[in-house]
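J.:
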Amino acid sequence: AVIALSGIVCDQSIRIAGDTFNRDILDYMRRQHNLLIGERTAERVKIEVGSALTELDEGPDDYEIRGRDLMTGIPKTIKISYSEVAFALDKSISKLEEAVLKALELSPPELSADIYERGIYLTGGGALLRGLDKRLGLKTKLPVHVAEDPLRAVVRGTGAALKNLNHYRKVLMT
24 AVIALSGIVC DQSIRIAGDT FNRDILDYMR RQHNLLIGER TAERVKIEVG
74 SALTELDEGP DDYEIRGRDL MTGIPKTIKI SYSEVAFALD KSISKLEEAV
124 LKALELSPPE LSADIYERGI YLTGGGALLR GLDKRLGLKT KLPVHVAEDP
174 LRAVVRGTGA ALKNLNHYRK VLMT
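Quick note on numbering: the sequence shown equals residues 24 to 197 in my numbering.
1. Hey, which unbroken runs of the beta strand (DSSP E) at 3 residues or more fall wholly within the segment 45-120?
2. Within its chain, find whatever has a CB closer than 8 angstroms to the CB of ASP172; leave out the 5 residues flanking it on each side and keep chain order.
3. Could you work out which residue in PRO166, GLY148, GLY182, SER104 is closest to GLY82 when comparing CA atoms only?
4. What span of residues does the beta strand (DSSP E) with LEU145 cover, start to end?
5. For ARG175, does the three-state DSSP call read helix, strand or coil?
6. Verify whether the separation of the beta carbon atoms of GLY147 and VAL177 is less than 9 angstroms.
7. Just mark ASP80 as buried or exposed, buried being the case when its beta carbon has 16 or more other beta carbons within 10 Å.
8. Can you give me the C-alpha to C-alpha distance between ALA136 and GLU120, rounded to a whole angstrom?
9. What span of residues does the alpha helix (DSSP H) with LYS164 cover, start to end?
10. Would you mind sorting ASN45 into buried or exposed? The rule is 16 or more other CB atoms within 10 Å of its CB.
11. Check whether the segment 115-134 and the segment 86-98 touch, using three or more Cβ-Cβ pairs below 8 angstroms as the test.
12. To the nearest angstrom, how far is it from the Cα of PRO166 to the Cα of ASP92?
13. Out of LYS186, TYR51, ILE138, state which residue places its alpha-carbon closest to the alpha-carbon of HIS109.
14. Excluding the 5 residues preceding and the 5 following VAL68 in the sequence, name in chain order all residues of the same chain whose CB lies nearer than 7 angstroms to its CB.
15. What residue from THR43, VAL169, GLN55, ALA75 has the CA that sits closest to GLU62's CA?
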């Protein structure tokens, strides 16, 4: 969303979040490695070696995954790299890029200078995905920042608005 002028100027809704990334990882493991893994394993993969870019300056070490071989039914272990995870997440991240570009396109021209100067701020768990800020920056040619404590940023902002209800009344929807 583009937030300015005491409200949401434009937004572009997209249903891509951490759960989508987990499903991408599950599907990739099934298709590429014939390995069945669970949701928790996919979440660990995302946290340990998840990446939005196939090349990072300092990428994490490969991560060992245990699951069930779909051909034999026997448990097996493989190692996966951050580059593979980036490949698995690519389609979902591309959709995210498109949504950001659409929101920028729908923004009033008066805000362009502000957006150009201040950039884009990422919040939520997805903001912690390695290289997402850099990838969005390359796509938009704008500075992209990860909010301080991105997991709690929205909750803290909501709390601040509720504490100062009179000040933020115009911004809040009823």
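Where a beta carbon is used, it is the ideal one built from N, C-alpha and C, also for glycine.
T.: Reading it off the structure:
1. 86-92, 98-103
2. Locating residue 172 in the sequence shown gives position 149, where the first residue counts as 1. Same-chain partners within the cutoff: ARG179.
3. As a working mapping, residue 82 is identified with position 59 in the sequence shown. Nearest option by C-alpha distance: SER104.
4. The residue you call residue 145 lines up with position 122 of the sequence shown. Per DSSP, LEU145 belongs to the beta strand (DSSP E) from 143-145.
5. Reading the sequence shown from its first residue, position 152 is the one you call residue 175. ARG175 falls in the coil class under three-state DSSP.
6. Position 124 of the sequence shown, counting from 1, holds the residue named residue 147. Position 154 of the sequence shown, counting from 1, holds the residue named residue 177. Yes, they are a contact pair.
7. The sequence position of residue 80 within the sequence shown is 57, counting from 1. Its Cβ having fewer than 16 others within 10 Å, ASP80 is exposed.
8. Here the question's residue 136 lines up with position 113 in the sequence shown. Here the question's residue 120 lines up with position 97 in the sequence shown. Rounded to whole angstroms, ALA136 to GLU120 spans 20 angstroms at the Cα level.
9. Taking the first residue of the sequence shown as 1, we reach residue 164 at position 141. Careful: LYS164 lies outside any alpha helix (DSSP H) and carries neither H nor E.
10. Counted from its first residue, the sequence shown places residue 45 at position 22. By the Cβ neighbour-count rule, ASN45 is buried, with 16 or more other Cβ atoms within 10 Å of its own.
11. no
12. Along the sequence shown, one-based indexing puts residue 166 at 143. Along the sequence shown, one-based indexing puts residue 92 at 69. The straight-line gap from Cα to Cα measures roughly 43 angstroms.
13. Translated into positions along the sequence shown, residue 109 becomes position 86. Looking at the sequence itself, residue 109 is Ala, so the reference to His does not match. Nearest C-alpha to ALA109: TYR51.
14. Position 45 of the sequence shown holds residue 68. Once the five neighbours on either side are set aside, the close Cβ partners of VAL68 are ILE48, TYR86, ILE88, ILE103, VAL108.
15. On the sequence shown, position 39 is the one that residue 62 refers to. Ranking THR43, VAL169, GLN55, ALA75 by Cα distance to GLU62 puts THR43 first.
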